[in-house]
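Engineer:
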Amino acid sequence: MEKPFILHMLTTAKNLSPFDVNMAMDAGWVSALPYINVEPSEVQGLVQDAIFSRSTKNLKRTGIFIGGRDTKQAMDMLKTAKRSMVPPFEVSVFADPSGAFTTAAGMVAAVEHELITKFNTTLEGKNILALGGTGPVGQAAAVISAQAGANVRIIGRQLEKAQLVADLCSNEFGDGKITITAGADADKAEYIKTADIVFATGAAGIELLSAELIASAPQLKVAADVNAVPPAGIAGVDAFHNGAPIEGSISGAVGIGALAIGNVKYQAQNRLLKKMISSEKPVYLHFEHAFEVAREYIKSNG
Amino acid sequence: MEKRSILHMFDPTPNNSPFDINMAVDAGFDILMPYSNVKLDSVYRLTQDAIFSRGPAGVKRTALFLGGRDLGLAMDMLDTARQAMVPPFEISVFADPSGAFTTAAALVACVEKQLIAVHAKELKGSKVLVFGGTGPVGIATGVIASLAGAETYLVDHLSLDAAEDVAKAYNRRFGCSMKGAVASSDVEKIALIADVDIIFSAAKAGVQVLSATVLESAKELKVAGDVNAVPPLGIEGIKHKDSGAPLIHAVNSKGAVSVGPLAVGNVKYQLQNTMLKIMLETDTPLYLDFREAFIKARLIV
Numbered sequence: 338m339e340k341p342f343i344l345h346m347l348t349t350a351k352n353l354s355p356f357d358v359n360m361a362m363d364a365g366w367v368s369a370l371p372y373i374n375v376e377p378s379e380v381q382g383l384v385q386d387a388i389f390s391r392s393t394k395n396l397k398r399t400g401i402f403i404g405g406r407d408t409k410q411a412m413d414m415l416k417t418a419k420r421s422m423v424p425p426f427e428v429s430v431f432a433d434p435s436g437a438f439t440t441a442a443g444m445v446a447a448v449e450h451e452l453i454t455k456f457n458t459t460l461e462g463k464n465i466l467a468l469g470g471t472g473p474v475g476q477a478a479a480v481i482s483a484q485a486g487a488n489v490r491i492i493g494r495q496l497e498k499a500q501l502v503a504d505l506c507s508n509e510f511g512d513g514k515i516t517i518t519a520g521a522d523a524d525k526a527e528y529i530k531t532a533d534i535v536f537a538t539g540a541a542g543i544e545l546l547s548a549e550l551i552a553s554a555p556q557l558k559v560a561a562d563v564n565a566v567p568p569a570g571i572a573g574v575d576a577f578h579n580g581a582p583i584e585g586s587i588s589g590a591v592g593i594g595a596l597a598i599g600n601v602k603y604q605a606q607n608r609l610l611k612k613m614i615s616s617e618k619p620v621y622l623h624f625e626h627a628f629e630v631a632r633e634y635i636k637s638n639g
Numbered sequence: 109m110e111k112r113s114i115l116h117m118f119d120p121t122p123n124n125s126p127f128d129i130n131m132a133v134d135a136g137f138d139i140l141m142p143y144s145n146v147k148l149d150s151v152y153r154l155t156q157d158a159i160f161s162r163g164p165a166g167v168k169r170t171a172l173f174l175g176g177r178d179l180g181l182a183m184d185m186l187d188t189a190r191q192a193m194v195p196p197f198e199i200s201v202f203a204d205p206s207g208a209f210t211t212a213a214a215l216v217a218c219v220e221k222q223l224i225a226v227h228a229k230e231l232k233g234s235k236v237l238v239f240g241g242t243g244p245v246g247i248a249t250g251v252i253a254s255l256a257g258a259e260t261y262l263v264d265h266l267s268l269d270a271a272e273d274v275a276k277a278y279n280r281r282f283g284c285s286m287k288g289a290v291a292s293s294d295v296e297k298i299a300l301i302a303d304v305d306i307i308f309s310a311a312k313a314g315v316q317v318l319s320a321t322v323l324e325s326a327k328e329l330k331v332a333g334d335v336n337a338v339p340p341l342g343i344e345g346i347k348h349k350d351s352g353a354p355l356i357h358a359v360n361s362k363g364a365v366s367v368g369p370l371a372v373g374n375v376k377y378q379l380q381n382t383m384l385k386i387m388l389e390t391d392t393p394l395y396l397d398f399r400e401a402f403i404k405a406r407l408i409v
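Taken in order, these protein sequences are the chains called A and B. To convert, count from 1 in the first sequence and add 337; that's the working numbering. To convert, count from 1 in the second sequence and add 108; that's the working numbering.
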């Protein structure tokens, strides 16, 4: 008899996100069990407990999800989990801290779609400003787009912190193969003059890009905002925006709002959770894979 | 419609063990509910909350699993849960902290089988050493062996006092008669194993406890069992799947045989599966600990 699908869900936070639990159940996992307040040092023990209690056949029906809030911590836990496997006792692992990897993937894929359909171009060589970009979504979005060939600048209120995050993204998440730069929020009026794309990934309810700045952006093409709570992070881009022109843009820029991004994010997370189930070999999934499936989704539904 | 089966999993540590979760799902429980950081004084109330909400038919589809790392605490929780039952509102309870009860039961049963088959001896009257004797699996192994009539020593690798304290505490609790011993060097190990019949190795994974040189000093050794599956194994010369293979380095013990960690693990797996399944099948509530586990392990081997 085939055994039920079990997803062991690890988080460093004091609770799982109900979002992730719903997503896991809807993707076909039958039992989803929470492990909370997990210390990174406990990952090896938990992983090995999980892999040694089922036959290799049924390990294909077993998975590990890594949540939490911190990007680096989640990536470290993913690496530890991978190292803790004892082939053939091995299971798939998917890291998506705060849903940031799939959200970022959804946003970048939606932006790329607008570039292709409205501007007949790609992410390659584009200047991107990641406003409020020091958080988990900003980090992942910066790395994904830099890997796709864009020049990304992470903008934060404090330049020093933005620089630290940019270095982390370039060296740690991008394996030193990409270079992400940093900038201070105070200087964004200057940066916006050469920006092709803006990501707004700051805290909810804060306007990161004003109407005035939009009007002063001569080559802006797409502006995407993950914030669903008014006021919008980008003036003139509300949650329902999905490729509509932004009022006041002199370059004909289009906006993408939280609901359009959320839809692609949902599809990406669903596909990765299903991939863990359907894959013959164990897979270790993070933001790069989230971007792959987000692109696939848009391609087949665009 | 038959109600779905629910296993409430109380654990004094911050998280349940994924091992137990997989085992419980695979034994057929429909729903697992983890309760972490459970204190002993919450067990009574939590148990009553579990028994009073499903009706007499529902309680048959409800059971309780007690995990954690501490044997004594698990047994106290088992006692408390039992006292909290209000027949006919009563559910089965299975304690298996760190999997130690089922691992120990499987280890002793596998070794006993070889003792009977190869040497025509029984645990009663045998002299037994348990290395790693102050850890969860070691203690449970010692208690089972001692209750079966073996002269049992819990061996600590650092402190005689620690070993004796643990032996006394568990003797009081289970009415057995274990003693403590220490072996922090090969010299001490050589002296200890000279006249023993059985060696259990339940020490830390990846640590070799008995080398070939030390094993040469054993004159009476009949069976050695090892639960450490991470190389190097606890006893030199034992292989993972050994089940009655000659213990090659015990050159001065005629016919000594070994039981390896995968042989034990295989029985442990079947045993834990059985223990979980019988909670779903039983008509009368069961209270399961290492004693019941040993009875079932003997049947399995």
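Built from N, CA and C at the ideal position, the CB exists for glycine as well. Values in this document were obtained by computation on a predicted structure and should not be read as measured data.
Express the C-alpha separation of I373 of chain A and S309 of chain B in angstroms, rounding to a whole number.
Structural biologist: Taking the straight line from one Cα to the other gives about 33 Å.
Engineer: Taking its Cβ as the centre, do 16 or more other Cβ atoms sit within 10 Å of I587 of chain A, making it buried, or is it exposed?
Structural biologist: That one is exposed.
Engineer: Can you tell which of A:G513, A:I515, A:D533, A:E584 has its C-alpha closest to the C-alpha of A548 of chain A?
Structural biologist: Among A:G513, A:I515, A:D533, A:E584, the Cα nearest to that of A548 of chain A is on A:E584.
Engineer: Would you list the one or two residues that DSSP bridges to L468 of chain A?
Structural biologist: Answer is A:I492, A:A537, bridged to L468 of chain A.
Engineer: Can you tell me which of the three DSSP states F202 of chain B falls into?
Structural biologist: Reduced to three states, the DSSP call for F202 of chain B is strand.
Engineer: Going by DSSP in three states, I252 of chain B sits in which element: helix, strand or coil?
Structural biologist: The answer is helix: DSSP assigns I252 of chain B an H, G or I state.
Engineer: Flag this pair as yes or no: are the beta carbons of A248 of chain B and K232 of chain B separated by less than 8 Å?
Structural biologist: Not in contact: A248 of chain B and K232 of chain B (Cβ atoms no closer than 8 Å).
Engineer: I'd like to know whether the C-beta of I373 of chain A is nearer than 8 Å to at least one C-beta of chain B.
Structural biologist: For I373 of chain A, the answer is yes, since a Cβ of chain B falls inside 8 Å of its Cβ.
Engineer: With 16 other CB atoms within 10 Å as the buried threshold, where does I551 of chain A fall?
Structural biologist: Result: buried.
Engineer: Compare the C-beta of D386 of chain A against all C-beta atoms of chain B and say whether one is closer than 8 Å.
Structural biologist: Judged by the 8 Å Cβ criterion, D386 of chain A is in contact with chain B.
Engineer: Are the C-beta atoms of F389 of chain A and some chain B residue less than 8 Å apart?
Structural biologist: Yes, F389 of chain A counts as interfacial toward chain B.
Engineer: Please report whether the beta-carbon of V415 of chain B lies at a distance below 8 Å from any beta-carbon of chain A.
Structural biologist: Within the shown structure, residues of chain B are numbered from 109 to 409, placing residue 415 of chain B beyond reach of any answer.
Engineer: With the cut-off set at 8 Å, would you say D264 of chain B and G250 of chain B are in Cβ contact?
Structural biologist: No, the pair does not count as a contact, with Cβ atoms beyond the cut-off.
Engineer: K340 of chain A touches chain B at which residues, Cβ-Cβ below 9 Å?
Structural biologist: By Cβ distance, chain B contributes N130, V133, D134.
Engineer: Could you tell me which residues DSSP pairs with K287 of chain B in its beta bridges?
Structural biologist: Answer by DSSP bridge pairing, in chain order: B:Y261.
Engineer: Mind listing, in chain order, the continuous beta strand (DSSP E) runs of no fewer than 3 residues lying wholly within the stretch 279-366 of chain B?
Structural biologist: DSSP runs (the beta strand (DSSP E)) wholly in the stretch 279-366 of chain B: 287-290, 306-309, 331-334, 351-354.
Engineer: Report the three-state DSSP secondary structure of A228 of chain B (helix, strand or coil).
Structural biologist: A228 of chain B falls in the coil class under three-state DSSP.
Engineer: Just to make sure I have the definition right: I need the residues of chain B whose C-beta is within less than 9 Å of the C-beta of L415 of chain A. Which are they?
Structural biologist: Near L415 of chain A there are no residues of chain B at all, since even the closest Cβ is about 16 Å away, more than 9 Å.
Engineer: So with CB distances below 9 Å, who are the chain A contacts of N279 of chain B?
Structural biologist: In chain order: nothing, as chain A lies at least about 31 Å away.
Engineer: Counting C-beta neighbours from all protein chains within 10 Å, is the total for L466 of chain A 16 or more, i.e. buried, or is it exposed?
Structural biologist: Buried, by the Cβ-count rule.
Engineer: Please list, in chain order, the chain A residues whose beta carbon lies closer than 7 Å to that of L379 of chain B.
Structural biologist: Correct list: empty, because the minimum Cβ distance to chain A is about 13 Å.
Engineer: Considering only residues of the same chain and omitting the five flanking positions on each side of V630 of chain A, which have a CB-CB separation below 8 Å?
Structural biologist: Result list for V630 of chain A: A442, Q604, A605, R608, L609, K612, in chain order.
Engineer: Could you pull out every residue in the same chain whose Cβ sits closer than 7 Å to the Cβ of H623 of chain A, ignoring the five residues on either side in sequence?
Structural biologist: Around H623 of chain A: M412, L415, A432, F438.
Engineer: Leaving out five residues before and five after P244 of chain B in sequence, what residues of the same chain have Cβ atoms less than 7 Å from its Cβ?
Structural biologist: Correct list, in chain order: R177, L179, P205, S206, A208.
Engineer: Could you check the C-alpha separation between S113 of chain B and T390 of chain B for me, to the nearest Å?
Structural biologist: Their backbone Cα atoms lie some 13 Å apart in a straight line.
Engineer: For the stretch 494-537 of chain A, which segments carrying the beta strand (DSSP E) assignment without a break, of at least 3 residues, lie completely within its bounds, in sequence order?
Structural biologist: Fully enclosed beta strand (DSSP E) runs of 3 or longer: 518-521, 534-537.
Engineer: For E427 of chain A, collect the residues of the same chain with a Cβ closer than 7 Å to its Cβ; drop the 5 residues on either side in sequence, then sort them by chain order.
Structural biologist: Cβ neighbours of E427 of chain A beyond the five flanking positions: I388, L396, P619.
Engineer: Considering G580 of chain A, what are the terminal residues of the alpha helix (DSSP H) in which it resides?
Structural biologist: Premise fails: G580 of chain A lies in the beta strand (DSSP E), 579-582, not in any alpha helix (DSSP H).
Engineer: Do P377 of chain A and T417 of chain A have their CB atoms nearer than 8 Å?
Structural biologist: Yes; because the gap between Cβ atoms is below 8 Å, this pair is in contact.
Engineer: When DSSP builds the beta bridges, which residues end up paired with Y143 of chain B?
Structural biologist: In DSSP, Y143 of chain B forms a bridge with B:F118.
Engineer: If I follow the unbroken beta strand (DSSP E) through K385 of chain B, where does it start and stop?
Structural biologist: Premise fails: K385 of chain B lies in the alpha helix (DSSP H), 369-389, not in any beta strand (DSSP E).
Engineer: Is the CB of L57 of chain B under 8 Å away from at least one CB in chain A?
Structural biologist: Residue 57 of chain B lies beyond the stretch modelled for chain B, which goes from 109 to 409, so this question has no answer here.
Engineer: Using the C-alpha atoms, what's the distance from E625 of chain A back to A537 of chain A?
Structural biologist: One C-alpha to the other measures close to 20 Å.
Engineer: What is the DSSP secondary structure of V245 of chain B, reduced to helix, strand or coil?
Structural biologist: Note: V245 of chain B maps to helix in three-state DSSP.
Engineer: Considering only DSSP beta bridges, list what L370 of chain A is partnered with.
Structural biologist: Its beta-bridge partners are A:H345.
Engineer: If you measure from the beta carbon of F127 of chain B to each beta carbon in chain A, is any gap under 8 Å?
Structural biologist: For F127 of chain B, the answer is yes, since a Cβ of chain A falls inside 8 Å of its Cβ.
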